[in-house]
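Scroll down for the structure; my scribbles are underneath it.
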Amino acid sequence: MTEQKRPILIIKGKRGSKVSTLESAVKPTLKPNNKAPIAPKTEKKQKAKKASKTAKVKQEPPKPITKEEKAARHAAKLKAAVDILVTLFPKVFNFESPKPLKVGIGKDIRKMISEKGLDIPNSQISTGLMAYTQTEAYQKSLVEFGSRFNLDGLVDGEVTDKQRERAKKKLNELQASK
């Protein structure tokens with residue numbers, strides 16, 4: 001069997017003349033509408049560009065929070081939680097004339113909020129109740145009133161002697177811390 005040979009490729013330059021070297025065959029020729037070929041970027045430029053892309057902007061570490069800032073943030077959270085309760089249930093959540101709240105009023109509040117379809121987290125309700133009931137005015141109301149009140153402002157239970165004594169103790173602690 002005879003092997004078939006491939007035809008030899010002849011590169012022609014200008015109008016039929018054969019090109020003598022490979023370099024002259026590869027040289028680009030520019031036409032009037034074409035732009036000049038872009039030279040490859042130097043290594044330095046490529047490295048600099050890559051470094052700028054990968055370099056992360058150094059962020060300063062967060063400044064430590066001072067005690068005053070932390071206390072202010074905490075107070076703002078408490079106020080926001082209490083404001084929700086004051087807005088929704090003004091008959092019983094009133095700082096000017098606080099009334100002792102029914103034992104288990106948190107469950108009633110959660111039930112009422114879910115019935116109204118409001119999206120208030122349980123943690124915020126608990127925080128609001130805690131903040132409201134720890135005030136000096138509320139503790140005084142426990143000592144002075146004999147009755148407890150539900151969300152409608154109606155009597156629903158009594159303040160026991162034990163609860164009254166605990167409120168007096170809490171009042172003394174609050175006044176001593178001033």
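In UniProt numbering, the protein residues as written are 1 to 178. Every residue, glycine too, gets a C-beta built ideally from N, C-alpha and C.
Given residue i as reference, the closest of the options once Cα atoms are compared
i	options	result
Leu151	Pro98, Gln163, Ala176	Pro98
Lys111	Asn122, Glu136, Leu101	Asn122
Glu173	Gln163, Val155, Thr135, Asp156	Thr135
Gly106	Phe95, Gly117, Leu88, Ile125	Ile125
Phe95	Gly104, Lys70, Tyr132, Lys116	Tyr132
Arg166	Ala176, Gln139, Phe89	Gln139
Gly157	Glu115, Lys79, Val103	Val103
Alpha carbon of residue i to alpha carbon of residue j, nearest angstrom
i	j	result
Lys77	Phe149	26 Å
Lys178	Thr66	21 Å
Ile84	Gly117	15 Å
Lys169	Ala137	14 Å
Lys79	Pro61	30 Å
Glu69	Ala75	10 Å
Asp119	Val86	16 Å
Pro90	Pro64	39 Å
Glu115	Arg73	31 Å
Spatial neighbours of residue i in its chain, beta-carbon cut-off 6 Å, leaving aside the 5 residues before and after
i	result
Pro100	Ser141, Leu142, Phe145, Arg148, Val159
Asp108	Leu151
Beta-carbon contacts of residue i that lie in its chain and below 7 Å, excluding the five residues immediately before and after
i	result
Val92	Lys99, Leu101, Phe149, Leu151, Gly153
Leu71	With the sequence shown as reference, residue 71 is identified as Ala, and Leu is not the correct amino acid for it. Cβ neighbours of Ala71 beyond the five flanking positions: none.
Val82	Gly128, Ala131, Tyr132
Asp161	none
Gln163	Leu142
Residue i - partner residues in DSSP beta bridges
i	result
Ser147	Glu158
Leu101	Phe149
Sequence-distant residues of the same chain with beta carbon closer than 8 Å to residue i, five excluded per side
i	result
Val155	Ser147, Arg148, Phe149
Ala176	none
Leu171	Glu136, Gln139, Lys140, Val143
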